[in-house]
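Here numbering that gives the first Met the number 0 is used: position 387 in the sequence shown is 386, and no number is missing along the way.
As structure tokens, the structure follows; a few thoughts come after it.
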Amino acid sequence: MIEFFGFLVLILSATVVDASDREFGHPLFRTFTAHDYGDAYEIYAVTEDEEGRMLFGCQDAILAFDNNRWETIPAPETGYIRWLAVDSQGLVWFGSSTQIGYLTRIDGKYVLVKVYRGSFGPESRGIVIGGHLVLARETGLVSWKNGHISQQPWPTDLMNPFSLGLCHGKIWIGDGKGSVYEFDGNQFNKIAEAPLTNADGIRAIVDSPTGDGLVVGSSGIFEKINTKLVPWKTDIDALLKSSVIFQAKWIGNQYLAVLVQNRGVYLLNQEGHLVESFTINGGLPDAGFEATGEDRDGGLWVCTDTEITRIQCGVGYTEFDHELGLPKGFVNIVTGYQGKVYTATQHGLYVLKASDDVSQGAHFVRFGDLNERFFGLTVTGSAVYAIGENAAYSLDPATAKSTRIGLSGGTILPSRIDPRRIFLTTDAGLESTYNSNGQSHWEGLLSQLPYFFQGMAEDDNGDLFLCAENEGFYRVQLNKGAEPLFRDAKIERLSAMPNNQMPFGEGPICRWQGKILFVGDDRVWKLQEGKDRLEPFELAAKSLPGRKVKRLERSQLTEDYIWVTSRPPNAGPETGFEVGRLYKSGAYEPLSHAVSYPLGEINTIWDENVDGEPVAWIAGDYGLMRVLLDRPAFSKRKFALYPSEIVTADGVPISTQGGKDLRLKYDDRDFQIRFGTDHFSVADEFYYEATIEGKINHRSPVTTSAVWRSGALNEGHYLLHVQAKDSDGVYSNEYTLAFTVDPPWYRTLWMEIASGLLVILVFYVFSRWRTWQMRLRQQELVQTIDLRTRELRQNEIELRKAKEHAETANRAKTAFLANMS
Numbered sequence: 000m001i002e003f004f005g006f007l008v009l010i011l012s013a014t015v016v017d018a019s020d021r022e023f024g025h026p027l028f029r030t031f032t033a034h035d036y037g038d039a040y041e042i043y044a045v046t047e048d049e050e051g052r053m054l055f056g057c058q059d060a061i062l063a064f065d066n067n068r069w070e071t072i073p074a075p076e077t078g079y080i081r082w083l084a085v086d087s088q089g090l091v092w093f094g095s096s097t098q099i100g101y102l103t104r105i106d107g108k109y110v111l112v113k114v115y116r117g118s119f120g121p122e123s124r125g126i127v128i129g130g131h132l133v134l135a136r137e138t139g140l141v142s143w144k145n146g147h148i149s150q151q152p153w154p155t156d157l158m159n160p161f162s163l164g165l166c167h168g169k170i171w172i173g174d175g176k177g178s179v180y181e182f183d184g185n186q187f188n189k190i191a192e193a194p195l196t197n198a199d200g201i202r203a204i205v206d207s208p209t210g211d212g213l214v215v216g217s218s219g220i221f222e223k224i225n226t227k228l229v230p231w232k233t234d235i236d237a238l239l240k241s242s243v244i245f246q247a248k249w250i251g252n253q254y255l256a257v258l259v260q261n262r263g264v265y266l267l268n269q270e271g272h273l274v275e276s277f278t279i280n281g282g283l284p285d286a287g288f289e290a291t292g293e294d295r296d297g298g299l300w301v302c303t304d305t306e307i308t309r310i311q312c313g314v315g316y317t318e319f320d321h322e323l324g325l326p327k328g329f330v331n332i333v334t335g336y337q338g339k340v341y342t343a344t345q346h347g348l349y350v351l352k353a354s355d356d357v358s359q360g361a362h363f364v365r366f367g368d369l370n371e372r373f374f375g376l377t378v379t380g381s382a383v384y385a386i387g388e389n390a391a392y393s394l395d396p397a398t399a400k401s402t403r404i405g406l407s408g409g410t411i412l413p414s415r416i417d418p419r420r421i422f423l424t425t426d427a428g429l430e431s432t433y434n435s436n437g438q439s440h441w442e443g444l445l446s447q448l449p450y451f452f453q454g455m456a457e458d459d460n461g462d463l464f465l466c467a468e469n470e471g472f473y474r475v476q477l478n479k480g481a482e483p484l485f486r487d488a489k490i491e492r493l494s495a496m497p498n499n500q501m502p503f504g505e506g507p508i509c510r511w512q513g514k515i516l517f518v519g520d521d522r523v524w525k526l527q528e529g530k531d532r533l534e535p536f537e538l539a540a541k542s543l544p545g546r547k548v549k550r551l552e553r554s555q556l557t558e559d560y561i562w563v564t565s566r567p568p569n570a571g572p573e574t575g576f577e578v579g580r581l582y583k584s585g586a587y588e589p590l591s592h593a594v595s596y597p598l599g600e601i602n603t604i605w606d607e608n609v610d611g612e613p614v615a616w617i618a619g620d621y622g623l624m625r626v627l628l629d630r631p632a633f634s635k636r637k638f639a640l641y642p643s644e645i646v647t648a649d650g651v652p653i654s655t656q657g658g659k660d661l662r663l664k665y666d667d668r669d670f671q672i673r674f675g676t677d678h679f680s681v682a683d684e685f686y687y688e689a690t691i692e693g694k695i696n697h698r699s700p701v702t703t704s705a706v707w708r709s710g711a712l713n714e715g716h717y718l719l720h721v722q723a724k725d726s727d728g729v730y731s732n733e734y735t736l737a738f739t740v741d742p743p744w745y746r747t748l749w750m751e752i753a754s755g756l757l758v759i760l761v762f763y764v765f766s767r768w769r770t771w772q773m774r775l776r777q778q779e780l781v782q783t784i785d786l787r788t789r790e791l792r793q794n795e796i797e798l799r800k801a802k803e804h805a806e807t808a809n810r811a812k813t814a815f816l817a818n819m820s
């Protein structure tokens, strides 16, 4: 009887462990519909190309997604593309029931090239091994290598070949009777078979990181051990026996994602234990699976008739929202009691319940019948205390029956000195109730401070510290034995050093490492020992330089660290809140922004131990996150950044010339590059930094746009550097592009030579013209001189003749006078 009782306790404890293990929400996911990618239906193939694009095969087309933009690659008269595969050279191969071909990129766009046409059957599958392509068709195995095709008929004992896969670099084929064959290049060898009791059609062959490999049947998963297929025990075996498995894939060689038709996706570790699930009743939009694939960023892509969904797998954090029972609106408080998780929300109190049925995920259900806004929630002893917009309540955890104990307010705190005393910050100020024999008695109101307090804490001496948003911080020292409780209480307003300034309170007050810490004016303050003065908390100032601290939360697990919620300086409204752990050593470890940013403003953080593993619950305005703290805070993988498209300002594609330096005409010097990444886990939340070197050196401002535009550059040689980073500060590889802008036609070399020759010609013609002009002038001068010379000679002759006539006349006169005398 004792042995039986011990066995029963063991079973019950195992059940409790399993239930607590399954207190996860749904993983983070992204959903795309025809509104995003266009009119494409019945997607049967998924793969990732060498640069990082996701490719999806559908009817007469292939969809490509670079994490920023969808592109449709036409494949006319191809039919349904059944498979996609990437070879060692990065070439993407595709196949339909009648054709095979590959994709090549020309001018930044994929172009489809068909290489063979034949009959491959509607269920053809293709894989790439070494340098050749292998296809499974109805009549045999087809091999395509170096433009030549060959066929190997199926052996007579291979019944209904159903699956084709690579396992440890070898080609395996599974048939409809649960047998596995290996093809060695010449013949098929049976290497394993399932027992007759487990004979099942093999739907997939999975290359396992441990063991010989896994074989997926329609309703079970088998492990190859020597020549036998032995059932691989998992936490979801009962579900698999009553369901149909569509496919299974290893994600990062760590987790096996099992897709169960019309149920959901179940993530198993290498021991077969369930670590996450995403089901129809947990937020998965559609589970009528038609294709699946993985990306290098740890994501699983599942395709249905209506949409494409990317699921982030195994990162250690899951989300609870209205799909898992929480009401729409803020989650103000999260806390735990006796292994259960309670929340105070905008529409009442809720408690998390994990189902023993693995097909049903954990869901929040209403706790009690109170339907009001709750701002405070705490658990102590055997009672749950909550405070909301109507009143403060005490609730029985077993029956959820509520008893009103005080006025409405915002914070509730059990006393450290006497846990039966409950302090409440109400709309009228601070009040207290005392629980005696199951009855609550009101102990009075601190009328001297009629403020609404956002935070409250108690030290080991029973002194209370209060935080009012616009009034600062106060210390209240109670007199022992006073009745009512707050009679003759000493009240001191705390000032800060230096200059006795009064910081405005912003959040809860926290006790850590023997210190009382306050948050005010975006900084952390600590109370000086033995004084009523605040001073800056140096550890936070050194570890979080420049950050605006919004709240502190004490860990429930350890005094080694404290939870900090903060924002960077000059953060815009689109920037979320960062959650991290500040260690007493000064080290600071932030969680991924994928955890905190979707939650909006962070309202509370509560951590616990689940089977020895630390777990944190983070509540915000838009939901609740559960984080496994032993997992890495976020992936530091340097992601890929590549040019998805290079076009002119007018949208004309620019040829990249097969990876050589880009050469642009002067009219195309204003061009733009659209970038893509393989970092699908953070959607399009990237910051791009670009620097250009050359005739001008310019660093562009950091931008969130995935498009870089050059502007109107002058001619010359340039080198472009572009790098992206995500919100966690993880950088991509640096993309560099050397390009040359040709000068305009009027500044080209041949034009300069022509201009030089023209100048020489002009000078030559001018000199010839001047010479000709000088010769004409010379001729004119010679002619003028000749004319003047002739005129002088003529005048000289005429003068000589006149002189001769005069002398003749004179002689005649002389002779006449002589004769007359």
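In this text, a Cβ means the ideal position worked out from N, Cα and C, and glycines have one as well.
As assigned by DSSP and simplified to three states, the class of residue i
| i | result |
| --- | --- |
| valine 701 | coil |
| tyrosine 763 | helix |
| proline 652 | strand |
| asparagine 188 | strand |
| lysine 812 | helix |
| alanine 817 | helix |
| threonine 783 | helix |
| tyrosine 115 | strand |
| histidine 822 | Lying outside 0 to 820, the shown extent of the chain, residue 822 is not represented and no answer is given. |
| tyrosine 43 | coil |
| glutamine 359 | coil |
| threonine 30 | strand |
| phenylalanine 55 | strand |
Per DSSP, cross-strand counterpart(s) of residue i
| i | result |
| --- | --- |
| tyrosine 265 | Val257 and Ser276 |
| methionine 624 | Glu318 and Ile617 |
| glutamine 246 | Leu258 |
| isoleucine 332 | Ala343 |
| valine 141 | Leu134 and Gln150 |
| methionine 455 | Leu465 |
| serine 731 | Phe638 |
| threonine 676 | Leu640 |
| glycine 504 | Gly519 |
Check: residue i C-beta below 7 angstroms from any heavy atom of the ligand FAD
| i | result |
| --- | --- |
| histidine 272 | Only the bare structure without any ligand can be found here, which leaves the ligand FAD out of the picture. |
Nearest candidate by alpha-carbon position, reference residue i, set the options
| i | options | result |
| --- | --- | --- |
| arginine 124 | Val114, Lys113, Arg136 and Gly117 | Arg136 |
| alanine 539 | Met750, Gly579 and Gln500 | Gly579 |
| lysine 144 | Leu423, Ile126 and Gln269 | Ile126 |
| alanine 689 | Ile105, Arg698 and Asp667 | Arg698 |
| leucine 83 | Val764, Pro742 and Leu132 | Leu132 |
| valine 257 | Tyr763, Leu90 and Val205 | Val205 |
| asparagine 436 | Arg420, Gly287, Val333 and Gln98 | Arg420 |
| valine 626 | Thr317, Ala811 and Ala286 | Thr317 |
| aspartate 304 | Cys57, Val729 and Ala397 | Cys57 |
| leucine 228 | Leu239, Asp211 and Tyr621 | Asp211 |
| alanine 682 | Phe762, Tyr384, Tyr40 and Ser726 | Ser726 |
Residues of its chain near residue i, where Cβ-Cβ distance is below 6 angstroms and the 5 sequence neighbours each way are ignored
| i | result |
| --- | --- |
| alanine 13 | Because alanine 13 carries a pLDDT of 36, less than 50, the predicted location of this residue cannot be relied on, and the following value inherits that uncertainty. So the list is empty, once near-sequence residues are dropped. |
| tryptophan 605 | Val333, Thr334 and Trp616 |
| phenylalanine 3 | Note that phenylalanine 3 has pLDDT 35, beneath the 50 cutoff, so the model's placement of it is unreliable and the number below is only indicative. Cβ within range, chain order: n/a, list empty. |
| leucine 90 | Tyr101 |
Spatial neighbours of residue i in its chain, beta-carbon cut-off 8 angstroms, leaving aside the 5 residues before and after
| i | result |
| --- | --- |
| methionine 0 | Residue placement at methionine 0 cannot be trusted, given a pLDDT of 35 that sits under 50; the coordinates are not used to answer. |
| leucine 9 | The pLDDT assigned to leucine 9 is 34, lower than 50, so where the model puts this residue is not dependable, and the model offers no usable value. |
| alanine 382 | Ser393, Leu394, Asp395, Pro396 and Asn434 |
| serine 19 | Residue placement at serine 19 cannot be trusted, given a pLDDT of 44 that sits under 50; the coordinates are not used to answer. |
| phenylalanine 670 | Ile645, Val646, Thr647, Ala648, Ile653, Leu663, Arg708 and Ser709 |
| proline 73 | Asp59, Ala60 and Leu111 |
Same chain, Cβ closer than 7 angstroms to residue i, neighbours up to 5 away in sequence not counted
| i | result |
| --- | --- |
| tyrosine 265 | Ile235, Val257, Val259, Leu273 and Ser276 |
Minimum length 3: unbroken beta strand (DSSP E) runs contained in the stretch 367–399: Within the stretch 367–399, the complete beta strand (DSSP E) runs of at least 3 residues are 373–379, 382–387 and 390–394.
Report the start-end ranges of each alpha helix (DSSP H) in the stretch 507–595 that is 4 residues or longer and not cut off at the edges. With a minimum length of 4 residues, the continuous alpha helix (DSSP H) runs that stay inside the stretch 507–595 are 537–542 and 592–595.
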